[in-house]
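Q: First the structure, then my questions, so here it is.
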Amino acid sequence: MALYNVDGIVIRVRNFQEADKIVVLLTREEGKVEAVARGARRPRNRFAAATQLFSHVRAQLFSGRSLDTLSQVEIVESFRQLREDLVRMAYATYACELIDALLPERQRQEAPYLLLLTSLHLFNEPDRAPEPLLRAFELKLLSMLGFRPSLTECVGCGAEEVQQGGAVRFAPVLGGVLCPQCSAEGEGAMRLSLGALESMKRLLDGDIRRAHVIRLSGEVAAEIDRALTAYILARTERRLKSKEFLDTLRSNP
Ligand SMILES: [Zn+2]
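Dropping the structure here:
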């Protein structure tokens, strides 16, 4: 059996047997990794604090035949403010669940790890609006995983003239905007105002650390939410519990 070291973020935790936890870590070195933390549910256990959702840790793991085991762990950042604010926690929980839903296990890819780490730091800062940040996170994550939405050219034929009547048609299943000629082909296509389209382009290609300066009016935020929710659902093929919870919080501020 071999020991290996990772830098990782806890993106999922569940109880296991009487006193253990199973954690899913998104690591810089190995991609998504699952490991048992023996005794983590016992009070004062050395793994207890490090095996909470969002914890950024440095860990040593022991690779087992069926499951890897946490051998040593050290907290780099616990994101305490996130845990103390229900709304921010809901945003960050969804970010973790989305990354978990879209990434296969053990696929080494550093970019999603760095994106999540940066995003958790930004969600953790109380003066940043979480909504544009989440949208930038979703768009950038999808792009990294090969699902970059086509926002400037028709996803059907590549035409650059996509406006119709001061808006565009966005087809979530095809993954982009449609020109007037292709408009009929987009299953579940929806209207997207030019304001919403512009904001999505800026969120997709801009620096995520500046996403909070992009102001999304209630109407534009709702349009982007509708478009991205449908777009992501077409990729995950299931609704994420944390997204439903976030929607409940947002509709009852
Ligand atoms: Zn077209």
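Quick note: the sequence shown uses my numbering, first residue 5, plus one each step. Ideal placement from N, C-alpha and C gives every residue a C-beta, glycine not left out. Computed from a predicted model, the values in this text were never measured in an experiment.
1) What three-state label does DSSP hand S221 in the structure shown?
2) Just to check, is the beta-carbon of A54 closer than 7 Å to a non-hydrogen atom of ligand 1?
3) According to the Cβ coordinates, are A124 and I13 closer than 8 Å?
4) I'd like to confirm something about A163: is its beta-carbon nearer than 7 Å to some heavy atom of ligand 1, or not?
5) Please name the residue in R50, A23, G68 whose C-alpha comes closest to that of E78.
6) Over the uninterrupted alpha helix (DSSP H) stretch that includes Q85, give me the two end residues.
7) Could you pull the start and end residues of the beta strand (DSSP E) that E157 belongs to?
8) Report yes if the C-beta of Q168 is less than 7 Å from at least one heavy atom of ligand 1; otherwise report no.
9) Need the endpoints of the beta strand (DSSP E) that H60 sits in, please.
10) Please state the DSSP three-state secondary structure of A115.
11) If you measure from the CB of C186, is any heavy atom of ligand 1 nearer than 7 Å?
12) At a cut-off of 7 Å, is C100 close to ligand 1 when judged by its beta-carbon and the heavy atoms of the ligand?
13) Provide the residue span of the beta strand (DSSP E) that contains A53, from first to last.
A: With the given structure in hand:
1) Working through the sequence shown from its first residue, we reach residue 221 at position 217. Coil, per DSSP.
2) Reading the sequence shown from its first residue, position 50 is the one you call residue 54. Look at A54: its beta carbon is at least 7 Å from all of the heavy atoms in ligand 1.
3) Reading the sequence shown from its first residue, position 120 is the one you call residue 124. Reading the sequence shown from its first residue, position 9 is the one you call residue 13. Before going on, a small fix: residue 124 reads as Leu here, not Ala. The answer is yes: Cβ separation under 8 Å.
4) Walking along the sequence shown from the start, residue 163 turns up at place 159. Correct: A163 has its Cβ closer than 7 Å to ligand 1.
5) Along the sequence shown, one-based indexing puts residue 78 at 74. Nearest C-alpha to E78: R50.
6) As a first step, residue 85 must be located in the sequence shown, where it is residue number 81. Counting along the chain, the alpha helix (DSSP H) containing Q85 begins and ends at 84-87.
7) Counting from one through the sequence shown, the residue named residue 157 turns up at place 153. From DSSP, E157 is part of no beta strand (DSSP E); its letter is neither H nor E.
8) Working through the sequence shown from its first residue, we reach residue 168 at position 164. No - ligand 1 has no heavy atom lying nearer than 7 Å to the Cβ of Q168.
9) What you label residue 60 is simply residue 56 of the sequence shown in a count that begins at 1. Per DSSP, H60 belongs to the beta strand (DSSP E) from 60-67.
10) Position 111 of the sequence shown holds residue 115. Residue state, collapsed to three classes: helix.
11) As a position in the sequence shown, residue 186 is number 182, starting the count at 1. Under cutoff, so the answer is yes.
12) Working through the sequence shown from its first residue, we reach residue 100 at position 96. It does not: the Cβ of C100 is nowhere closer than 7 Å to a heavy atom of ligand 1.
13) Residue mapping note: residue 53 aligns to position 49 of the sequence shown, counting from 1. Segment: none, A53 is in no beta strand (DSSP E) and carries neither H nor E.
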